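Residue numbers (full-length UniProt numbering): 1 to 152. Positions of the beta carbon are idealized from the N, C-alpha and C atoms, including for glycine. Quick caveat, the model's predicted, so the values are computed rather than measured. One structure is given here, and the rest of the page talks about it.
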(Lines of atoms letter the chains of each structure in order from A; the text may use other names.)
(Lines give C-alpha, C1' and ligand atoms only; values in the text may rest on other atoms or scores of the structure.)
Protein backbone atom coordinates (compact mmCIF):
# COMPACT_ATOMS: atom_id res chain seq x y z
CA UNK A 1 0.00 0.00 0.00
CA UNK A 2 2.95 2.31 0.61
CA UNK A 3 3.91 2.16 -3.09
CA UNK A 4 0.38 3.22 -4.09
CA UNK A 5 0.47 6.09 -1.60
CA UNK A 6 3.83 7.28 -2.90
CA UNK A 7 2.63 7.09 -6.50
CA UNK A 8 -0.69 8.85 -5.79
CA UNK A 9 0.96 11.66 -3.84
CA UNK A 10 3.66 12.12 -6.47
CA UNK A 11 1.17 12.19 -9.37
CA UNK A 12 -1.17 14.56 -7.53
CA UNK A 13 1.70 16.95 -6.81
CA UNK A 14 2.70 16.85 -10.47
CA UNK A 15 -0.86 17.51 -11.67
CA UNK A 16 -1.30 20.34 -9.17
CA UNK A 17 2.04 21.90 -10.15
CA UNK A 18 0.92 21.97 -13.79
CA UNK A 19 -2.62 23.16 -13.01
CA UNK A 20 -3.24 24.74 -9.61
CA UNK A 21 -6.99 24.20 -10.03
CA UNK A 22 -6.47 20.45 -9.52
CA UNK A 23 -7.47 19.94 -5.90
CA UNK A 24 -8.30 16.25 -5.55
CA UNK A 25 -7.20 12.85 -6.81
CA UNK A 26 -8.79 9.61 -5.64
CA UNK A 27 -8.16 5.98 -6.55
CA UNK A 28 -10.79 3.33 -5.76
CA UNK A 29 -10.88 -0.44 -5.93
CA UNK A 30 -13.34 -2.39 -8.11
CA UNK A 31 -16.08 -1.86 -5.49
CA UNK A 32 -15.65 1.93 -5.34
CA UNK A 33 -13.88 2.03 -1.98
CA UNK A 34 -11.13 4.64 -1.73
CA UNK A 35 -7.73 2.95 -1.74
CA UNK A 36 -5.74 6.17 -1.86
CA UNK A 37 -6.03 9.92 -2.16
CA UNK A 38 -3.20 11.93 -3.62
CA UNK A 39 -4.38 15.14 -1.95
CA UNK A 40 -5.10 13.61 1.47
CA UNK A 41 -3.12 10.37 1.75
CA UNK A 42 -4.18 9.50 5.30
CA UNK A 43 -7.92 9.43 4.44
CA UNK A 44 -8.99 6.20 2.79
CA UNK A 45 -11.58 3.47 3.07
CA UNK A 46 -14.75 5.46 2.36
CA UNK A 47 -17.18 4.02 -0.17
CA UNK A 48 -17.92 6.10 -3.28
CA UNK A 49 -19.69 3.45 -5.39
CA UNK A 50 -23.08 5.18 -5.19
CA UNK A 51 -21.80 8.49 -6.54
CA UNK A 52 -23.00 8.69 -10.17
CA UNK A 53 -19.62 9.40 -11.75
CA UNK A 54 -17.80 6.68 -9.81
CA UNK A 55 -20.65 4.26 -10.52
CA UNK A 56 -20.37 4.95 -14.27
CA UNK A 57 -16.59 4.47 -14.20
CA UNK A 58 -17.00 1.18 -12.32
CA UNK A 59 -19.22 0.11 -15.24
CA UNK A 60 -16.39 0.97 -17.64
CA UNK A 61 -17.68 4.37 -18.76
CA UNK A 62 -15.69 7.58 -18.30
CA UNK A 63 -17.73 10.24 -16.50
CA UNK A 64 -17.34 13.84 -15.53
CA UNK A 65 -19.18 16.96 -14.55
CA UNK A 66 -20.42 18.91 -11.58
CA UNK A 67 -20.71 17.20 -8.21
CA UNK A 68 -21.21 18.18 -4.60
CA UNK A 69 -18.85 16.63 -2.08
CA UNK A 70 -20.82 14.60 0.47
CA UNK A 71 -18.02 15.32 2.95
CA UNK A 72 -17.55 19.09 2.61
CA UNK A 73 -20.68 20.23 0.74
CA UNK A 74 -18.43 22.01 -1.77
CA UNK A 75 -19.18 22.03 -5.48
CA UNK A 76 -16.56 20.44 -7.69
CA UNK A 77 -15.85 19.64 -11.30
CA UNK A 78 -14.65 16.04 -11.46
CA UNK A 79 -13.48 13.60 -14.10
CA UNK A 80 -13.62 9.90 -13.23
CA UNK A 81 -12.13 7.18 -15.41
CA UNK A 82 -12.16 3.41 -15.10
CA UNK A 83 -8.87 1.66 -14.39
CA UNK A 84 -9.02 -1.37 -16.67
CA UNK A 85 -5.50 -2.53 -17.59
CA UNK A 86 -6.58 -5.83 -19.19
CA UNK A 87 -10.12 -4.80 -20.12
CA UNK A 88 -11.53 -5.62 -16.68
CA UNK A 89 -12.30 -2.70 -14.38
CA UNK A 90 -10.13 -2.96 -11.28
CA UNK A 91 -10.95 0.49 -9.93
CA UNK A 92 -11.33 4.16 -10.80
CA UNK A 93 -9.30 7.33 -10.73
CA UNK A 94 -10.88 10.72 -10.11
CA UNK A 95 -9.31 14.14 -10.55
CA UNK A 96 -11.26 17.18 -9.40
CA UNK A 97 -11.32 20.90 -8.86
CA UNK A 98 -13.34 22.81 -6.24
CA UNK A 99 -15.38 25.91 -6.93
CA UNK A 100 -13.49 28.49 -4.90
CA UNK A 101 -12.24 32.06 -5.20
CA UNK A 102 -9.91 31.23 -8.08
CA UNK A 103 -12.77 29.56 -9.96
CA UNK A 104 -15.07 32.53 -9.33
CA UNK A 105 -12.41 34.92 -10.62
CA UNK A 106 -11.84 32.84 -13.75
CA UNK A 107 -15.57 32.76 -14.50
CA UNK A 108 -15.74 36.53 -14.02
CA UNK A 109 -12.73 37.05 -16.28
CA UNK A 110 -14.27 34.93 -19.04
CA UNK A 111 -17.85 36.21 -18.80
CA UNK A 112 -17.63 39.65 -17.22
CA UNK A 113 -20.20 38.53 -14.62
CA UNK A 114 -19.80 38.63 -10.86
CA UNK A 115 -20.01 35.24 -9.18
CA UNK A 116 -21.18 34.13 -5.73
CA UNK A 117 -20.83 30.55 -4.47
CA UNK A 118 -22.95 29.49 -1.47
CA UNK A 119 -22.26 26.39 0.57
CA UNK A 120 -24.17 25.26 3.64
CA UNK A 121 -25.92 28.60 3.86
CA UNK A 122 -22.79 30.75 3.78
CA UNK A 123 -20.78 32.53 1.12
CA UNK A 124 -17.99 30.18 0.07
CA UNK A 125 -16.44 32.53 -2.50
CA UNK A 126 -17.32 35.56 -4.57
CA UNK A 127 -15.94 38.12 -6.97
CA UNK A 128 -17.64 41.02 -5.18
CA UNK A 129 -14.69 41.70 -2.84
CA UNK A 130 -14.47 41.55 0.94
CA UNK A 131 -15.45 45.18 1.43
CA UNK A 132 -18.71 44.92 -0.50
CA UNK A 133 -21.95 43.87 1.16
CA UNK A 134 -23.86 41.33 -0.92
CA UNK A 135 -27.48 40.69 -0.04
CA UNK A 136 -28.60 37.13 -0.68
CA UNK A 137 -32.34 36.38 -0.49
CA UNK A 138 -33.27 34.59 2.74
CA UNK A 139 -34.93 31.72 0.86
CA UNK A 140 -31.74 31.14 -1.15
CA UNK A 141 -29.63 30.97 2.00
CA UNK A 142 -32.17 28.69 3.66
CA UNK A 143 -32.22 26.37 0.65
CA UNK A 144 -28.43 26.30 0.55
CA UNK A 145 -28.28 25.52 4.27
CA UNK A 146 -30.98 22.85 4.47
CA UNK A 147 -29.98 21.09 1.27
CA UNK A 148 -26.30 21.08 2.30
CA UNK A 149 -25.60 21.85 -1.33
CA UNK A 150 -23.60 24.47 -3.07
CA UNK A 151 -25.52 26.84 -5.30
CA UNK A 152 -23.78 28.23 -8.33
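Starting from the C-beta of residue i, find all residues in its chain whose C-beta is less than 6 angstroms away, skip the five residues before and the five after it, and write them out in chain order.
i, result
"residue 67", "76, 78"
"residue 98", "23, 74, 76"
"residue 33", "47"
"residue 141", "121"
According to DSSP, is residue i helix, strand or coil?
i, result
"residue 132", "coil"
"residue 62", "coil"
"residue 99", "coil"
"residue 44", "coil"
"residue 26", "strand"
"residue 124", "strand"
"residue 54", "helix"
"residue 9", "helix"
"residue 77", "strand"
"residue 140", "helix"
"residue 170", "Nothing in the structure corresponds to residue 170, since the chain is present only between 1 and 152."
"residue 31", "coil"
"residue 111", "helix"
Looking only at its own chain, which residues have a Cβ that is under 7 angstroms from the Cβ of residue i, when we skip the five neighbours before and after it?
i, result
"residue 179", "With the chain covering 1 to 152 only, the question about residue 179 has no answer from this structure."
"residue 9", "38, 41"
"residue 69", "76"
"residue 28", "34, 35, 48, 54, 91, 92"
"residue 152", "Note that residue 152 has pLDDT 47, beneath the 50 cutoff, so the model's placement of it is unreliable and no number is given."
"residue 104", "115, 117, 125, 126, 127"
Is the beta carbon of residue i less than 8 angstroms from the beta carbon of residue j?
i, j, result
"residue 94", "residue 1", "no"
"residue 92", "residue 143", "no"
"residue 90", "residue 64", "no"
"residue 116", "residue 128", "yes"
"residue 4", "residue 35", "yes"
Who are the near neighbours of residue i in its chain, counting only those whose CB is closer than 8 angstroms to its CB and skipping five residues on each side?
i, result
"residue 136", "116, 118, 123"
"residue 134", "116, 123, 126, 128"
If contacts are defined as beta-carbon pairs under 8 angstroms, then residue i and residue j qualify, I think. What distance do you get, rounded to the angstrom?
i, j, result
"residue 49", "residue 43", "Not a contact, Cβ separation roughly 17 angstroms."
"residue 62", "residue 82", "7 angstroms"
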